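**Q** If you scroll down you'll find the structure; I have some questions about it.
Residue numbers (my numbering): 1 to 468.
So, in structure tokens, the structure goes:
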């Protein structure tokens with residue numbers, strides 16, 4: 001009876017077991033870590049990395065000069081319509097036809113007939129094809145003068161390609177048409193061009209500051225099919241490869257050139273750079289230079305006023321942002337203490353660690369080596385001040401075993417190199433700087449190389465810090 005009662009009134013309560021999932025805990029911890037790191041990263045100013053590039057820089061000494069050449073001018077003996085037998089800037093031989101003049105314009109039809117001439121040389125055909133190709137590349141619907149210039153170029157090229165027999169036949173055909181035709185031939189060999197400006201006989205002694213003013217300057221060009229008057233200048237032939245450009249200088253430019261044997265110049269029209277000899281002279285209170293050439297005549301024969309740049313202070317090196325510069329204190333150790341490592345050919349310095357009181361079994365102090373330097377010059381090796389302590393004793397290689405105690409320091413400019421994923425100080429030798437960037441030497445031992453990566457904002461990090 002009692003047992004039955006107890007079974008009916010007994011209440012069984014089940015308790016839930018608490019299960020701890022280690023995976024869930026690790027996930028939560030990782031999530032918290034990522035959130036903390038992300039928030040910290042977003043609050044920081046991001047590091048900027050710059051790839052070192054190469055840069056050339058020179059002082060701006062742009063100047064316009066006057067070209068002087070040995071030029072023979074050829075005038076028309078009679079009036080009429082002119083035909084030009086050469087392309088501009090072409091070399092012509094003595095006795096070669098330069099132009100012809102007739103009173104009827106009969107040569108126009110004859111030029112059309114010449115387009116089917118099978119006796120044209122391959123070089124002539126290639127020249128015309130090149131002229132057509134260049135015209136197509138630069139074609140502009142709004143520039144009608146370019147179309148006319150192209151037409152005259154082809155006509156002159158066709159006449160230039162004519163053989164002497166074709167020229168004789170041409171003149172005979174014109175004469176049969178009842179027109180008197182005259183032809184101008186080259187008295188001397190040289191390079192022909194079909195324009196004039198009245199300055200062909202100008203000498204450097206005649207040049208004054210007013211000569212450089214172009215407001216009253218005029219240049220008259222002649223093209224095939226033009227009508228010319230008797231006595232008018234038709235073309236000219238430059239008879240010597242020797243020519244010069246006269247430039248007016250200021251006192252500073254003149255003083256710099258006095259100390260130089262030659263000058264490097266850049267032609268602004270096509271960026272050609274050459275070294276040239278020159279002669280300095282004065283006229284009254286004005287300074288001048290005659291820059292002399294023995295070549296490149298055909299390249300600039302169509303220009304009287306030529307803009308050039310005198311490269312007096314040229315700098316070539318590596319370009320870095322000025323914001324990347326930092327300064328570091330370095331100990332100076334005499335260069336004669338530098339030696340080679342026993343296991344390699346790398347330069348090292350041998351020293352006694354300042355805090356090392358232990359000695360070898362024979363009583364000599366234990367030595368250490370350092371192979372990382374900030375800079376080296378003709379007299380000293382420069383070591384990062386954080387690498388050693390003041391009072392460190394360096395051992396001179398050789399039997400003398402002379403010593404040097406570190407103490408004197410020098411402040412060096414450099415940048416943080418991050419090629420290896422952490423910051424390494426690299427010394428820079430600044431050749432030129434402005435408000436934005438510096439040009440540094442690319443031949444500095446232990447320095448930067450082209451395409452190295454450096455920090456633009458080094459103030460945000462410390463040396464040897466890992467950045468990625």
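No residue lacks a Cβ here, since even glycine has one placed at the ideal position from N, Cα and C.
It should be emphasised that the depicted structure is a prediction, and the values quoted were computed from it without experimental measurement.
1. In chain order, which continuous runs of the alpha helix (DSSP H) of length 4 or greater are located wholly inside the stretch 243-292?
2. Whole beta strand (DSSP E) runs in the stretch 366-396 with 3 or more residues, listed along the chain?
3. Per the DSSP calculation, residue 317 is bridged to which residue(s)?
4. Quick one: Cα of residue 85 to Cα of residue 60, how far?
5. Within its chain, find whatever has a CB closer than 8 Å to the CB of residue 473; leave out the 5 residues flanking it on each side and keep chain order.
6. List in chain order: all unbroken beta strand (DSSP E) runs of 3+ residues lying wholly within the stretch 393-462.
7. Is the CB-CB distance between residue 234 and residue 92 below 8 Å?
8. Assuming residue 334 is part of the beta strand (DSSP E), what are its boundary residues?
9. Contact between the stretch 200-208 and the stretch 309-329: three or more CB pairs below 8 Å?
10. Report the CB separation of residue 307 from residue 269 in whole angstroms; it is logged as a contact under 8 Å.
11. Can the beta-carbon of residue 66 be found less than 8 Å from the beta-carbon of residue 228?
12. Grouping DSSP H, G and I as helix and E and B as strand, with all else coil, what is residue 221?
13. Going by DSSP, what residue range makes up the beta strand (DSSP E) through residue 207?
14. Closest to residue 436 by C-alpha separation, out of 225, 461 and 320, would be which residue?
15. Please classify residue 444 as buried or exposed, where buried requires at least 16 neighbouring CB atoms within 10 angstroms.
16. For residue 465 and residue 318, I'd like the C-alpha separation in whole angstroms.
17. Closer than 7 Å by C-beta to residue 196: which residues in its own chain qualify, once you throw out the five before and the five after it? Chain order, please.
18. Rounded to whole angstroms, what's the CA-CA distance from residue 335 to residue 380? Just pull it up for me.
19. Taking 8 Å as the threshold (C-beta atoms), are residue 297 and residue 278 in contact?
20. Have a look at 456, 427, 455 and 434 and flag the residue whose alpha-carbon is nearest the alpha-carbon of residue 442.
21. Grouping DSSP H, G and I as helix and E and B as strand, with all else coil, what is residue 196?
22. Should residue 88 and residue 193 be called a contact, given that it needs their Cβ atoms to be closer than 8 Å?
23. Measure from the alpha carbon of residue 371 to the alpha carbon of each residue in 213, 446, 239 and 69, then state which is nearest.
24. What residue range is occupied by the uninterrupted beta strand (DSSP E) comprising residue 100?
25. Output the boundary residues of the beta strand (DSSP E) element that contains residue 348.
26. Thinking C-beta only, is residue 224 closer than 8 Å to residue 497?
27. Can you say whether residue 22 is buried or exposed, counting buried as having 16 or more other CB atoms within 10 angstroms of its CB?
28. Within 10 angstroms of its Cβ, does residue 218 collect 16 or more other Cβ (buried), or is it exposed?
29. When you compare only the Cα positions, how much space is there between residue 267 and residue 211?
30. So, using beta-carbon positions, are residue 302 and residue 52 closer together than 8 Å?
31. Under the three-state reduction of DSSP, which class applies to residue 64: helix, strand or coil?
32. Just verifying my parser: in three-state terms, what is the DSSP assignment at residue 228?
33. Name the DSSP beta bridge partners of residue 235, please?
34. From this set, 389, 273, 330 and 408, which residue's C-alpha is nearest residue 58's C-alpha?
35. Can you look up residue 94 in the DSSP assignment and give me helix, strand or coil?
**A** Taking the definition as stated:
1. 251-258
2. 368-370, 380-384 and 393-395
3. Note: residue 317 sits in a beta bridge opposite 55.
4. 42 Å
5. The chain is shown only over 1 to 468; residue 473 falls outside these bounds and no answer can be derived.
6. Listed in chain order, the complete beta strand (DSSP E) runs (minimum 3 residues) inside the stretch 393-462 are 393-395, 403-405, 409-417, 424-427, 430-433, 437-440 and 453-455.
7. no
8. 326-334
9. No: the two stretches stay apart, fewer than three of their Cβ pairs being nearer than 8 Å.
10. 7 Å
11. no
12. strand
13. From DSSP, residue 207 is part of no beta strand (DSSP E); its letter is neither H nor E.
14. 320
15. buried
16. 25 Å
17. 73, 220, 233 and 236
18. Distance between the alpha carbons of residue 335 and residue 380 is about 5 Å.
19. In this structure, residue 278 lies away from residue 297, with their beta-carbon atoms at least 8 Å apart.
20. Considering only alpha carbons, the answer is 427.
21. strand
22. The answer is yes: Cβ separation under 8 Å.
23. 446
24. Per DSSP, residue 100 is one residue of the beta strand (DSSP E) stretching across 97-102.
25. 347-352
26. Beyond the ends of the chain as shown, which are 1 and 468, falls residue 497; an answer cannot be given.
27. Per the 10 Å Cβ criterion, exposed.
28. exposed
29. Cα to Cα, residue 267 sits roughly 20 Å from residue 211.
30. no
31. Note: residue 64 maps to strand in three-state DSSP.
32. strand
33. 74
34. 273
35. For residue 94, the three-state secondary structure derived from DSSP is coil.
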